[in-house]
Amino acid sequence: MDDKAFYDETQFAVMPMDFYFPGKGKSGDLPPRAGFADLWHPRLLQLMPNVHLTVLIGQYAQKYYLRRAKKTLTETVKNYTEYLPDGYFVLPHPSPRNNIWKAKNPWFEREVVPELQKRIHAKG
306 MDDKAFYDET QFAVMPMDFY FPGKGKSGDL PPRAGFADLW HPRLLQLMPN VHLTVLIGQY
366 AQKYYLRRAK KTLTETVKNY TEYLPDGYFV LPHPSPRNNI WKAKNPWFER EVVPELQKRI
426 HAKG
């Protein structure tokens, strides 16, 4: 996806789990505020009636939206195809902190990223 497509609000939307950054914790960011997604996500999704693919980035989004999330983020991402029939594509958070995770899981760049690229190009 190029910058023009990414910033085209008729093609692509970013919906955070919260509109407030809760701060840093011991091993990453603190969780989003309780109840925020329950209150705001249905309202926001009503404004986006033609969603073809929802990319769930990070464990907070995955635990909120997936009924069958695995025990760990790694297991969830490794089994990403289980969630495709429901329109969800799962990814780790693209934080520099996750460079170690990516180095330990080379299958991600080899298998998951190309599949996401294929799906994005198919919708474009």
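Quick note on my numbering: the sequence shown kicks off at 306 and runs consecutively.
Glycine included, every Cβ here is placed at the ideal spot set by N, Cα and C.
Whether residue i touches residue j by CB criterion (8 Å)
| i | j | result |
| --- | --- | --- |
| residue 393 | residue 371 | yes |
| residue 403 | residue 379 | no |
| residue 382 | residue 418 | no |
| residue 335 | residue 327 | yes |
| residue 358 | residue 424 | yes |
| residue 363 | residue 337 | no |
| residue 353 | residue 318 | yes |
Per-residue DSSP class, three states only, for residue i
| i | result |
| --- | --- |
| residue 388 | coil |
| residue 377 | coil |
| residue 418 | helix |
| residue 360 | strand |
| residue 413 | helix |
Between the CA atoms of residue j and residue i - distance to the nearest angstrom
| i | j | result |
| --- | --- | --- |
| residue 323 | residue 412 | 30 Å |
| residue 343 | residue 377 | 23 Å |
| residue 400 | residue 350 | 26 Å |
| residue 375 | residue 386 | 13 Å |
| residue 391 | residue 330 | 32 Å |
Run of the alpha helix (DSSP H) containing residue i, from where it starts to where it stops
| i | result |
| --- | --- |
| residue 393 | Where residue 393 is concerned, there is no enclosing alpha helix (DSSP H), although the beta strand (DSSP E) it sits in stretches over 393-396. |
| residue 349 | 341-351 |
| residue 329 | Element bounds for residue 329: n/a, residue is neither H nor E. |
| residue 308 | 308-311 |
Status (buried if at least 16 other CB within 10 Å, exposed otherwise) for residue i
| i | result |
| --- | --- |
| residue 365 | buried |
| residue 325 | exposed |
| residue 312 | exposed |
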